[in-house]
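The next block holds one structure in the form of structure tokens; read it before the comments.
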Amino acid sequence: ISDKYRHSTHRKRANTAEKCTFCRHKIEQAEKDGKTDEIGDNPEYTPTCDVVCPVRARTFGDIDNPDSKVSKKLESKKAVQIKKEFGTGPQVHYLLEEGVELETYGRT
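In the working numbering, the protein residues as written are 15 to 122.
What follows is the structure, encoded as structure tokens:
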């Protein structure tokens, strides 16, 4: 990423992987502004990967709110969390296509 587009929370480090924070700075801004209900709808408060995905493959929002877009998507399809059994508390849910079995998803 060019420095021009790099957020101040991102640091350049050679050969180092950094964990995604789901643009935590945007979530914190929504909390500060009292606009947490706009997370997932307002680009100012939504992770950039969700906003710019050209095929709308990502949906970000409050999974604890049954009226949120993300909760409704999870209700309508089978979903899996990768490596959940390791106790890492994954926050990403993968929606499965029709006919894909949960037991085999994600295995190589």
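Backbone N, C-alpha and C fix where the C-beta goes; we use that ideal spot for every residue, glycine too.
Note that the structure is a prediction, hence the values are computed from the model and not measured.
Burial of C37 is indicated by the presence of at least 16 other C-beta atoms within 10 angstroms of its C-beta. Looking at the DSSP output, A93 sits in a beta bridge with L109. Three or more pairs of CB atoms, one per stretch, sit closer than 8 Å, so the stretch 104–112 contacts the stretch 85–94. Between the stretch 56–65 and the stretch 41–48, the count of Cβ pairs shorter than 8 Å is three or higher; the stretches touch. Looking at V66, R70, D76, C63, the one whose alpha-carbon comes closest to that of D51 is D76. In this model, E99 and T35 are separated by some 21 Å (Cα to Cα).
In the three-state reduction of the DSSP assignment, S82 falls in the coil class. Non-local C-beta neighbours of K49 in its own chain, meaning closer than 8 Å and more than five positions away in sequence, comprise N56, Y59, ordered along the chain.
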